[in-house]
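Going by our numbering, the sequence shown opens with residue 1, and the numbers climb by one from there. Beta carbons: idealized from backbone N, C-alpha and C, even for Gly. For clarity, every value in this text was computed on a predicted model and none was experimentally measured.
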Amino acid sequence: MAILVELVFPAAITIEMIDAVTDEMDVDTHLPAGGILHVHYEKDGRVHGVDVWESAEALQKFMESTLQPAMGKVAAAHGVDLSQAGEPEMSITEVHRLVH
């Protein structure tokens, strides 16, 4: 079952960092296995991300194999200690119907 993932990143994570993470992972041209849609934006001074995934398992695999290493690399390059930045706020909702 497809899932909708909504993230609000800690204040230390900037839109420039999320752009750099997206570039590092090359997901603009190669959507990861199980990924259906990704968008990120800034609202009220915080970076937000919204994804649609084919399954929670696909999301978990992507986070462990691709996202976390890229985020660590970019954060280090920007002088951000992820262990001090805090975790993103995340909600996952099962998708009832997906039209694309």
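Task: Buried/exposed call for Ala75, threshold 16 Cβ in 10 Å - done: buried
Task: Integer-rounded CB distance, given that Phe62 should sit under 8 angstroms from Pro102 - done: Examination of residue 102 is not possible in this model, given that the chain is present from 1 through 100 alone.
Open item on the list: Assuming the contact rule is C-beta atoms closer than 8 angstroms, His38 and Asp23 should be a hit. Round their C-beta distance to whole Å, please.
Closed with: The Cβ separation is near 13 angstroms, so there is no contact.
Task: C-alpha distance - Tyr41 paired with Ser83, whole-angstrom precision - done: 23 angstroms
TODO: Would you mind giving the Cβ-Cβ distance between Lys92 and Ser55, rounded to the nearest angstrom? I have them listed as a contact below 8 angstroms.
DONE: One point to set straight first is that residue 92 is Ile, not Lys, in the sequence displayed. Contact doesn't hold; Cβ gap of about 11 angstroms is too wide.
Open item on the list: Alpha carbons only, please: which of Met90, Asp26, Leu7 and Ala85 is nearest the one belonging to Val47?
Closed with: Leu7
TODO: Kindly give me the distance between the Cβ atoms of Ala70 and Met25, rounded to whole angstroms, as I take these residues to be in contact under 8 angstroms.
DONE: 5 angstroms
TODO: Helix, strand or coil for Val5, going by three-state DSSP, please let me know.
DONE: Three-state DSSP puts Val5 in a strand.
Open item on the list: I need the straight-line Cα distance from Val99 to Gly79, nearest angstrom please.
Closed with: Straight-line measurement puts the Cα of Gly79 at about 40 angstroms from the Cα of Val99.
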